[in-house]
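In terms of my numbering, the sequence shown opens at residue 2 and continues consecutively.
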Amino acid sequence: MGKTEILKKKYPGIQYYDLKENFLMPGLINAHTHLYSTLARGLSLRAKFSTFKEILENLWWHLDKNLKEDDIYYSALIGGLESIKYGVTTIIDHHASPNCLNNSLDIIDSALSKINLRRILCYEVSDRDGEKIAQTGIEENIRFIKKCEKEKNNFSRACFGLHAAFTLSNKTLEKCMQANYNKSYFHLHLAEDNLDLEENLKNYNLSPIQRLNQIGLFDFPILAAHCVHILPAEKTILKEKNIKVIHNPQSNMNNAVGRAYIPEMLKRDIFILLGSDGYTLNMFNEAKIAPLLQRSYLKDLNAFNLDKLYKILFLNNSKIAGFIFNKVLGEIKIGAEADLIILNYFPPTEVNASNFMCHFVLGMDPSMISMVIIKGEIIFKDKKFTGLNEIETYKKSREVSKKLWRRL
Ligand SMILES: [Zn+2]
Numbered sequence: 002m003g004k005t006e007i008l009k010k011k012y013p014g015i016q017y018y019d020l021k022e023n024f025l026m027p028g029l030i031n032a033h034t035h036l037y038s039t040l041a042r043g044l045s046l047r048a049k050f051s052t053f054k055e056i057l058e059n060l061w062w063h064l065d066k067n068l069k070e071d072d073i074y075y076s077a078l079i080g081g082l083e084s085i086k087y088g089v090t091t092i093i094d095h096h097a098s099p100n101c102l103n104n105s106l107d108i109i110d111s112a113l114s115k116i117n118l119r120r121i122l123c124y125e126v127s128d129r130d131g132e133k134i135a136q137t138g139i140e141e142n143i144r145f146i147k148k149c150e151k152e153k154n155n156f157s158r159a160c161f162g163l164h165a166a167f168t169l170s171n172k173t174l175e176k177c178m179q180a181n182y183n184k185s186y187f188h189l190h191l192a193e194d195n196l197d198l199e200e201n202l203k204n205y206n207l208s209p210i211q212r213l214n215q216i217g218l219f220d221f222p223i224l225a226a227h228c229v230h231i232l233p234a235e236k237t238i239l240k241e242k243n244i245k246v247i248h249n250p251q252s253n254m255n256n257a258v259g260r261a262y263i264p265e266m267l268k269r270d271i272f273i274l275l276g277s278d279g280y281t282l283n284m285f286n287e288a289k290i291a292p293l294l295q296r297s298y299l300k301d302l303n304a305f306n307l308d309k310l311y312k313i314l315f316l317n318n319s320k321i322a323g324f325i326f327n328k329v330l331g332e333i334k335i336g337a338e339a340d341l342i343i344l345n346y347f348p349p350t351e352v353n354a355s356n357f358m359c360h361f362v363l364g365m366d367p368s369m370i371s372m373v374i375i376k377g378e379i380i381f382k383d384k385k386f387t388g389l390n391e392i393e394t395y396k397k398s399r400e401v402s403k404k405l406w407r408r409l
């Protein structure tokens, strides 16, 4: 960073681009997604989809059981390409493939290494496919955590995935806590639908939050996606235990699970992040929808202002991803990782620190992205990937998905 002439002298021979009137900003971070959902796009199944349980059983759990190596690889690679096209340079993924489990995180890691997308990966442990698969899921998380710890490369990190309280027995949760030797983040779904609340009340006489807190899970660092069906007193637990809540507004609306109490949680200073939950990979859209959902639902113009959105999308997402990577992410400053996006955005009015989010929400769009840089390297420029043939990759993905769909 510095004056052009000084930098040119200091680094002779370095590649130089005059970005003229283009707009430079840090790459976005997606705090919760499922890359394995990529090849479900356009899939039509004859099963019923009228409840959240039916969406899980008839679509996602049916899909994840049928995933093979090629499907995992291409869903990750295409999801990675699309993330970059949307200006996302770091993702936190949550993976499931119970019948192709061993080394599945390596398959995703290897696909994303083709485009150097920064990734924080985990495998979702669940008892829904039996005790043996749950145990293998635990081992896969630990194997990958150890691998990342040993390699400490620039692009891959791990957390410890758990599905959700309603598909995890106390015995399995105990095993996960015992296995999580270095206190990696547990990344799970929490109180997404009423189903999680009902099942936990029925089987344990406790809400999912009460139950996970009582068993000691919240003594570990927690990334909890959703937190829609929470009881009023449970906001205190979320705050006291410093739970990081990941809001996924479009997924919640799509699955008709209800509204997360984001304005209420923000008032209590609960830490909120933003993710897309595999519904989309477009974090511009996800961020734009978040305040609209709350304002519309609450009929309150001040329910969720853009300063709060800035804090969630740019500060909180960067803080957690940066903490897990042990690097400065999501900022443009000396010492930060050079993960940058450049947009052909020409503001019709002045842009300054206090009105940037207004420009982001009302004016900017991923179609304006002209360049994506990760760790100082140009990955995407002039609508093309620099190190990969995009058309051929999509062609192969359609072949692979055809075979997958035949099995569903
Ligand atoms: Zn999810």
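Don't be surprised by glycine CBs; every beta carbon is placed ideally from N, CA and C.
- Gly279 has its Cβ nearer than 8 Å to a heavy atom of ligand 1.
- For Ser319, the enclosing alpha helix (DSSP H) begins and ends at 318-326.
- Between Ser208 and Leu224, the C-beta spacing is not below 9 Å.
- Distance between Gly131 and Ile313, taken at the CA atoms: about 37 Å.
- Per the DSSP secondary-structure output, Pro27 pairs in a beta bridge with Leu341.
- Residue burial annotation: Leu293 is exposed, with fewer than 16 other C-beta atoms found within 10 angstroms of its C-beta.
- Here Gly276 is actually not in contact with Thr52; their C-beta atoms are around 23 Å apart, not less than 8 Å.
- If you draw a 10 Å sphere on the C-beta of Ser127, you find 16 or more other C-beta atoms in it, and that means buried.
- Beta-bridge annotation (DSSP): Ser157 is paired with Arg120.
- In this structure, Ile121 keeps its C-beta atom at 9 Å or more from the C-beta atom of Ala261.
- Residue pairing of Ala226 in beta bridges, as defined by DSSP: His190, Ile247.
- In this structure, ligand 1 has a non-hydrogen atom nearer than 8 Å to the beta-carbon of His190.
- Nearest to Asp194 by alpha-carbon distance, out of Phe357, Asn253, Ser84, is Asn253.
- The three-state secondary structure of Leu239, taken from DSSP, is helix.
- The Cβ neighbour count for Met2, taken over all protein chains shown within 10 Å, is under 16; the residue is labelled exposed.
- According to the DSSP assignment, Phe357 belongs to the alpha helix (DSSP H) that extends over 357-363.
- Of all alpha-carbon atoms in Glu338, Arg296, Ile273, Ser297, the one lying nearest the alpha-carbon of Tyr311 is that of Ile273.
- Taking 9 Å as the cut-off, the Cβ atoms of Ile325 and Cys160 count as close.
- Just so you know, the alpha carbons of Asn306 and Arg269 end up roughly 16 Å apart.
- The three-state reading of DSSP puts Thr387 in coil, since its state is none of H, G, I, E or B.
- Boundaries around Glu378 are those of the beta strand (DSSP E), 378-382, since no alpha helix (DSSP H) includes it.
- Looking only at Asn390, Lys242, Leu344, the smallest Cα-Cα distance to Ser368 is reached by Leu344.
- When secondary structure is reduced to three states using DSSP, Val401 falls in the helix class.
- In summary, Asp220 is exposed, with fewer than 16 beta-carbon neighbours lying within 10 Å of its beta-carbon over all protein chains present.
- The three-state secondary structure of Ser371, taken from DSSP, is strand.
- Going by DSSP, Thr5 is part of the alpha helix (DSSP H) stretching over 5-11.
- Annotation: Leu8 to Glu338 spans about 18 Å, alpha carbon to alpha carbon.
- Distance check between Phe156 and each of Ile375, Gly138, Tyr395 places Ile375 closest, using alpha-carbon atoms only.
- Annotated three-state conformation of Gly162 is strand, per DSSP.
- Using a C-beta cut-off of 8 Å, the stretch 28-48 makes no contact with the stretch 168-177, since fewer than three inter-stretch Cβ pairs fall below that distance.
- In the three-state reduction of the DSSP assignment, His96 falls in the strand class.
- Assignment of Ala32 by DSSP, reduced to helix, strand and coil, places it in the strand class.
- Nearest Cα to Trp62 within the set Asp71, Asp308, Asn100: Asn100.
- Asp65 counts as buried, since at least 16 other C-beta atoms from the protein chains shown sit within 10 angstroms of its C-beta.
- Leu218 and Ile15 have their alpha carbons spaced roughly 49 Å apart.
- Minimum Cα-Cα distance from Asn183 among the listed residues Val89, Ser398, Leu330, Ile146 corresponds to Ile146.
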